[in-house]
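Note sheet for the following structure.
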Amino acid sequence: MSRSLTRRLTCVAIASLCLGGGVSTVSASHSWGGYHWARTSNPFALKLGDNLSSAWKSYLVAASSDWTQSTVMNTTVVAGGSNPRNCKAIAGRVEVCNSTYGNNGWLGIASISITAGTHITKGSVKMNDTYFNSPTYNTPDWRQMVVCQEVGHTFGLDHQDENFSNPNLGTCMDYTSSPASNTEPNAHDYDELVTIYSHLDNTTTIDSSASVFYAADIDHDDPRTWGRLVRRSSDGRSEVYELDLGAGAKTVTHVLWALEADGRRGRR
Numbered sequence: 001m002s003r004s005l006t007r008r009l010t011c012v013a014i015a016s017l018c019l020g021g022g023v024s025t026v027s028a029s030h031s032w033g034g035y036h037w038a039r040t041s042n043p044f045a046l047k048l049g050d051n052l053s054s055a056w057k058s059y060l061v062a063a064s065s066d067w068t069q070s071t072v073m074n075t076t077v078v079a080g081g082s083n084p085r086n087c088k089a090i091a092g093r094v095e096v097c098n099s100t101y102g103n104n105g106w107l108g109i110a111s112i113s114i115t116a117g118t119h120i121t122k123g124s125v126k127m128n129d130t131y132f133n134s135p136t137y138n139t140p141d142w143r144q145m146v147v148c149q150e151v152g153h154t155f156g157l158d159h160q161d162e163n164f165s166n167p168n169l170g171t172c173m174d175y176t177s178s179p180a181s182n183t184e185p186n187a188h189d190y191d192e193l194v195t196i197y198s199h200l201d202n203t204t205t206i207d208s209s210a211s212v213f214y215a216a217d218i219d220h221d222d223p224r225t226w227g228r229l230v231r232r233s234s235d236g237r238s239e240v241y242e243l244d245l246g247a248g249a250k251t252v253t254h255v256l257w258a259l260e261a262d263g264r265r266g267r268r
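Taking full-length UniProt numbering, the leading residue of the sequence shown gets 1, the next gets one more, and so forth.
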């Protein structure tokens, strides 16, 4: 059975239990700061730019298919428009890249540009092959989980759990040291997307010609460009940074540190 069909059947089964069996739904609550793409209708279509080497392409295709099971959004993998080394974001879409970014401590990064307080105008995702080429992370499960999670951040989703020692929740938005069962979104992720995108806007940021102020590009290889640290998980494996660009614009960056990054987290 295909991944997408399995996901649809799972969601239908959950809905049937909730409607017919008197079981109440468990509300999701892992929005990332209320950030969302402005749009005038649902489901909206979002392009994911493929700037990936052959070793990564299938993982982006799988993640796009999984996230498109949402009732409020569809994603499409398109030709990338960025140099993977800097992975500059392009207005109205998400660029996804990989490269050997160096022994800098971070495994994956997701960055979104914000205007008007909470509207996402563009996003970028980077996977660091310096670590993914090592025995620890060079596995299909690690690659799939990190692609799925970092792309999920660019929709406005946060993590469901940030404790690597807790039992897996069956979602890529859950931190774990054993990602075999955490490679796809789960029902709570889809529920949260419905919550995030329950209201419509009178404008759109899913369009490169949209008349909005787009935040400037920054070089995410250099932590000094991330801005101020605004949140750190209890074990230090996850951090969020904000760079204030003025006029209501900012860049917000999620950083997933590698196990080998002890002593490097938060370093300026």
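Quick reminder that beta carbons are idealized off the backbone N, C-alpha and C, glycines included.
Separation of residue 180 and residue 146 (C-alpha to C-alpha, rounded to the nearest whole angstrom) is 12 Å. In terms of CA proximity to residue 228, 254 leads the group 235, 207 and 254. Looking from the CA of residue 245, the closest CA among 70, 94 and 114 belongs to 114.
Judged by DSSP in its simplified three-state form, residue 90 adopts coil rather than helix or strand. By the criterion of a C-beta distance shorter than 6 Å, residue 261 is surrounded in its chain by 105, once the five residues flanking it on both sides are discounted.
By the criterion of a C-beta distance shorter than 7 Å, residue 164 is surrounded in its chain by 175, 176, 177, 235 and 237, once the five residues flanking it on both sides are discounted. In the three-state scheme derived from DSSP, where H, G and I count as helix and E and B as strand, residue 228 is classed as strand. Take residue 81, set aside five residues on each side of it, and the residues of its chain with a beta-carbon closer than 6 Å to its own are 49 and 90, in chain order.
With respect to the 8 Å criterion, residue 101 and residue 122 are not classified as neighbours on the basis of their beta carbons. In the three-state reduction of the DSSP assignment, residue 31 falls in the strand class, which pools E and B. For residue 117, there is no enclosing alpha helix (DSSP H), since its DSSP letter is neither H nor E. Between the C-alpha atoms of residue 99 and residue 142 there is a straight-line separation of about 16 Å.
Taking 8 Å as the cut-off, the beta carbon of residue 189 is found closer than this to the beta carbon of residue 173.
With 16 or more other CB atoms across the displayed protein chains lying within 10 angstroms of its CB, residue 93 is buried.
Annotation: residue 259 is outside any beta strand (DSSP E) and is labelled neither H nor E by DSSP. Ranked by Cα distance from residue 32, the options 197, 222 and 201 are led by 197. Straight across, the Cα-Cα distance linking residue 124 with residue 96 is about 6 Å. For residue 84, the number of other beta carbons within 10 angstroms of its own is at least 16, and it is reported as buried. At a Cβ-Cβ threshold of 8 Å, residue 248 and residue 116 count as neighbours.
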